[in-house]
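Here's the structure we're looking at; comments come further down.
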Amino acid sequence: MPHALLISELAQCRRLFLRNHEVDIGIGVHAFEQGRPQRVRINVDLYVPLACSTPVGDVLDEVVDYDFVREVVRERVGRGHIQLQETLADDLLRSLLAHPQVVAVRVSTEKPDVYPDCEAVGVEVFGFKGARQHPLGVEAQKPQ
4 MPHALLISEL AQCRRLFLRN HEVDIGIGVH AFEQGRPQRV RINVDLYVPL
54 ACSTPVGDVL DEVVDYDFVR EVVRERVGRG HIQLQETLAD DLLRSLLAHP
104 QVVAVRVSTE KPDVYPDCEA VGVEVFGFKG ARQHPLGVEA QKPQ
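The structure is reproduced here in structure tokens:
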């Protein structure tokens with residue numbers, strides 16, 4: 004994925020992030036993943052226009068509160084078993100984009116304990132508020 008700042012709409016944005024937030028969640032389609040929670044790491048980048056996120060009075064109400072991100076994650080994780088990481092990432096993306104000040108979001112999820120021969124398996128998704136196509140102009144297509 005190209006660096007987000009190469010996308011002109013994000014050049015005048017502040018990036019807020021949540022790094023390696025670990026949750027235990029029921030996730031997975033394989034038999035060995037059923038009936039027990041797995042450790043999942045979640046990473047989030049929120050892009051907020053500088054005009055909406057530059058504090059004048061040094062007060063929390065002037066910016067997007069990090070607690071919002073953690074609450075979105077907590078709420079989704081609390082809904083129960085999820086089959087796919089793609090579903091988790093997409094659900095988080097939609098909820099985070101719903102914030103009135105957020106214009107773009109990147110979400111990645113990774114399961115570090117699935118395979119012994121790699122650090123993690125995961126998925127990443129990036130979205131713009133109101134976007135109908137890929138931000139770089141590439142049309143998304145479903146497999147045939």
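Numbering-wise, the working numbering comes out as the position in the sequence shown, counting from 1, plus 3.
We put the CB at the ideal spot given by N, CA and C, even for glycine.
The continuous beta strand (DSSP E) containing GLN41 extends over residues 41-52. In this structure the region 40-58 touches the region 97-109; the number of beta carbon pairs closer than 8 Å is three or more. With a beta-carbon spacing of about 12 Å, VAL76 and LEU96 fall beyond the 8 Å limit used to define contacts. Assignment of ALA107 by DSSP, reduced to helix, strand and coil, places it in the strand class. For the 7 Å CB-CB criterion, VAL108 and VAL117 do not form a contact. Rounded to whole angstroms, the separation of the alpha carbons of TYR69 and LEU19 is 8 Å. Under the three-state reduction of DSSP output, LEU100 falls in the helix class. Only residues of its own chain outside the window of five on either side were considered, and among them SER56 and PRO58 have a CB closer than 7 Å to the CB of VAL66, listed in chain order.
Residue pairing for VAL128: DSSP places it in a beta bridge opposite VAL110. Taken through DSSP and simplified to helix, strand or coil, VAL76 comes out as helix. For GLN15, same chain residues with a beta-carbon under 8 Å away, outside a window of 5 residues either side, are PRO52, LEU53 and ALA54 in chain order.
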